[in-house]
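Numbering (the working numbering), first residue to last: 516 to 856.
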């Protein structure tokens with residue numbers, strides 16, 4: 516089914532609007548959409564897929580799924596704008612932003628929606644625990660960036676795994692396996708209370724990709740809405756499928772460009788420079804430690820990353836990486852200046 520996402524899919528008030536954005540992720544999108552009906556359980560749901568001018572069969576595959584509305588963008592408008600389109604024009608009290616590279620188990624979305632509604636009015640967003648394809652838990656919930664968090668990553672791994680690492684949400688401390696309030700979670704699945712948005716569109720469209728998830732969580736936090744990590748709800752997330760096709764090894768630079776831009780705009784340029792200084796120092800310290808312990812390749816990689824952070828000290832916002840090349844699998848089907856989601 517094709518159409519305008521701003522028009523309600525259901526004639527009655529649905530329980531949830533589910534939005535999915537695709538860019539050359541046909542196989543992953545199909546698996547995701549297959550999992551959705553059982554994941555939603557008995558919920559009355561609207562499902563809208565926005566395809567960002569894919570060069571593969573993403574849109575056609577989405578149209579094969581019953582009760583899925585498909586919106587075809589003529590050009591790639593980026594993740595945030597496309598997801599906002601997918602979530603627009605609904606009377607549903609809950610909005611669920613779902614990445615196409617997720618496979619959601621039966622009842623998982625129904626559980627997340629139920630817990631969000633039961634936690635009103637304090638909780639504005641809930642997110643599940645994410646698992647890799649091999650079943651291992653992904654680290655997906657974090658503290659907001661700060662110089663203290665950055666400098667702590669330069670500590671020896673044994674120290675990061677202790678109480679300090681857990682308090683600062685460091686990856687070395689491991690992901691939480693219990694439900695807890697968090698600062699922010701990556702946007703593979705965000706289940707958001709529409710009331711908490713106060714009329715704003717869910718994701719900031721300043722950036723084509725990356726940064727919109729942390730910005731939304733920061734925005735909610737500034738208005739007193741809690742963000743909840745539901746560790747017993749586990750969703751398989753392949754992760755960065757479209758981003759890897761577009762930027763390859765430069766995904767980190769892309770993420771840093773958008774995140775420094777967010778940090779500088781919302782917390783001030785001086786604060787962003789302090790954060791960049793801490794990041795530079797932490798990367799340099801770890802690079803030296805790796806070099807002297809015989810891990811030369813990893814040391815070189817971190818030294819390069821320290822250089823990216825150092826450039827941010829002098830120039831904020833740092834320039835975005837060059838526009839990604841068209842993936843070979845979609846050659847000829849995508850404008851060379853298009854940006855993926």
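Don't be surprised by glycine CBs; every beta carbon is placed ideally from N, CA and C. Model, not experiment: these values are computed from the prediction.
Please report the distance separating the alpha-carbon of residue i from that of residue j.
i: residue 677; j: residue 619; result: 32 Å
i: residue 714; j: residue 604; result: 11 Å
i: residue 798; j: residue 671; result: 13 Å
i: residue 536; j: residue 808; result: 43 Å
i: residue 894; j: residue 559; result: Here the chain has residues from 516 to 856 only, and residue 894 is not among them.
i: residue 554; j: residue 700; result: 20 Å
i: residue 650; j: residue 827; result: 36 Å
i: residue 791; j: residue 779; result: 10 Å
i: residue 800; j: residue 665; result: 11 Å
i: residue 708; j: residue 697; result: 16 Å
i: residue 529; j: residue 689; result: 37 Å
i: residue 784; j: residue 681; result: 28 Å
i: residue 782; j: residue 793; result: 16 Å
i: residue 541; j: residue 811; result: 38 Å
i: residue 842; j: residue 587; result: Low confidence applies to residue 842: its pLDDT is 35, below 50, so where it sits in the model is not reliable, and the reading given next is rough at best. Their Cα atoms are separated by approximately 20 Å.
i: residue 732; j: residue 829; result: 27 Å
i: residue 575; j: residue 616; result: 17 Å
Going by beta carbon distance, what residues of the same chain come within less than 6 Å of residue i, once the five residues before and after it are set aside?
i: residue 774; result: 726
i: residue 684; result: 657, 658
i: residue 751; result: 618, 646
i: residue 578; result: 585
i: residue 825; result: 795
i: residue 740; result: 639, 711
i: residue 601; result: 520, 534, 563, 565
i: residue 527; result: none
i: residue 805; result: 813, 814
What residues in its chain sit with their C-beta under 7 Å from that of residue i, if we drop five residues either side in the sequence?
i: residue 734; result: none
i: residue 641; result: 627, 630, 631, 706, 743, 745
i: residue 789; result: 662
i: residue 596; result: 720
i: residue 716; result: 599
i: residue 583; result: 516, 548, 562, 564, 577
i: residue 787; result: 775, 778, 779, 831
i: residue 802; result: 814, 817, 818, 821
i: residue 546; result: 618
i: residue 621; result: 553, 554
i: residue 550; result: 618, 619
i: residue 679; result: 667
Name the residue from the options whose alpha carbon lies nearest to the alpha carbon of residue i.
i: residue 531; options: 632, 821, 572; result: 632
i: residue 704; options: 625, 739, 659, 649; result: 625
i: residue 667; options: 754, 687, 736, 803; result: 687
i: residue 637; options: 827, 738, 588; result: 738
i: residue 692; options: 796, 653, 795, 622; result: 653
i: residue 754; options: 682, 675, 655; result: 655
i: residue 694; options: 728, 644, 731; result: 644
i: residue 608; options: 616, 635, 588; result: 635
i: residue 543; options: 679, 557, 571; result: 571
i: residue 730; options: 660, 679, 829; result: 660
i: residue 885; options: 732, 811, 702; result: Past the boundaries of the shown model lies residue 885; the chain is included only from 516 to 856, so the question cannot be answered.
At the 8 Å Cβ level, is residue i part of the contact set with chain C, yes or no?
i: residue 589; result: Absent from the structure is chain C; it holds one protein chain and no more.
Assuming residue i and residue j make a contact with CB atoms under 8 Å, what is their CB distance in whole Å?
i: residue 568; j: residue 599; result: About 17 Å separates the two Cβ atoms, so there is no contact after all.
i: residue 767; j: residue 820; result: 7 Å
i: residue 748; j: residue 623; result: 5 Å
i: residue 573; j: residue 539; result: 7 Å
Per DSSP, which residues does residue i bridge with? Please list them.
i: residue 708; result: 609
i: residue 699; result: 657
i: residue 512; result: Given that the chain is displayed from residue 516 to residue 856, the structure contains no residue 512 and the question cannot be resolved.
i: residue 588; result: 567
i: residue 562; result: 533, 583
i: residue 767; result: None, per the DSSP bridge assignment.
Consider the C-beta atom of residue i and the heavy atoms of the ligand NAD; say whether any pair is separated by less than 7 Å.
i: residue 550; result: With respect to the ligand NAD, the structure offers nothing, as it holds no ligand at all.
Here's a check: name, in chain order, each residue in its chain whose Cβ is nearer than 8 Å to the Cβ of residue i, leaving out the five neighbours to either side.
i: residue 844; result: With a pLDDT of 33 at residue 844, under the threshold of 50, the modelled position of that residue is not reliable, and the figure given next carries that caveat. So the list reads 539, 570, 571, 760, once near-sequence residues are dropped.
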